[in-house]
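Below you'll find the structure, written out as structure tokens, and then a few comments.
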Amino acid sequence: AYVTERDSGALAVLNIARAQRPRGMGVVKHATLAGAVAVAVVADRSGQPAYAYVAGSYADALVVVDIDDAVSPRVVGSVTSSTYLNQIYDVAAGPTNQKLYVVGRISHSLAVVDVSLPSAPTIVGGLINANQLRFATACALWRGSHVVVVGSQTVATVDVSDPTLPRVVGSVSDRSKID
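Residue numbers for the sequence shown follow my numbering, so the first one is 14 and each next one is one higher.
So this is what it looks like as structure tokens:
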């Protein structure tokens, strides 16, 4: 299991093979992991965990951690942006693990990040919308070409079929039911 530690700015690797006796394997701390709040783990072609993508909300950073060696995880890359990743809050992996979708809570945004080169992740597209992505805190890939974004009293569907130009295709805002 991979667990973020917000206050210490870390990602911890746990062995939970024996549910009654989980044990710590390794931990990585880094300035870009400050405020670590979410993690998406992707596997290599053999199905083994390869990289953890961590949302460092205090650092406005998406951090790439090599988890091939569970005892010694290490930061291999990151991208920061106060425009799209201002208080980054969630991260979701795309169907091929080459693109990530991340939401910025304070920036009211969704960013598309190319991670095909883990040491140099790059924001390839983004969308800021203070109404439909207001205080975005969660995102999930839906049907391969859409991302559902949950914000303060809003849920929006964003078309990411063109990663350079994500666009809202539907949303609902309901103060009585979405909070």
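Note that beta-carbon positions come from the ideal geometry of N, C-alpha and C, so glycine has one too.
Give me whichever residues DSSP pairs with ASN28 in a beta bridge. ARG36
Provide the residue span of the beta strand (DSSP E) that contains VAL128, from first to last. Taken as a continuous stretch (DSSP letters only), VAL128 belongs to no beta strand (DSSP E), as it is neither H nor E.
Short Cβ contact (9 Å threshold) for GLY22 with ALA53: no
Where ALA83 and TYR15 are concerned, what is the direct C-alpha to C-alpha distance, given to the nearest angstrom? 10 Å
The beta strand (DSSP E) enclosing ASP172, as first and last residue numbers: 167-172
CA-CA distance, THR93 and VAL125? 13 Å
Whole angstroms is fine: what's the gap from ALA153's alpha carbon to VAL161's? 5 Å
Euclidean distance between Cα positions of ARG34 and GLU18: 20 Å
ARG118 to GLN145 span [Cα, whole Å]: 12 Å
Only counting the same chain, and skipping five residues up and downstream in sequence, which positions put a Cβ closer than 8 Å to that of ALA63? VAL55, ALA56, ASP57, ASP79, ILE80 and ASP81
Whole-number beta carbon distance between VAL76 and LEU46, since they are thought to touch under 8 Å: 6 Å
In chain order, what residues of the same chain lie with their CB nearer than 6 Å to the CB of ASN110, ignoring the 5 residues before and after it? VAL55
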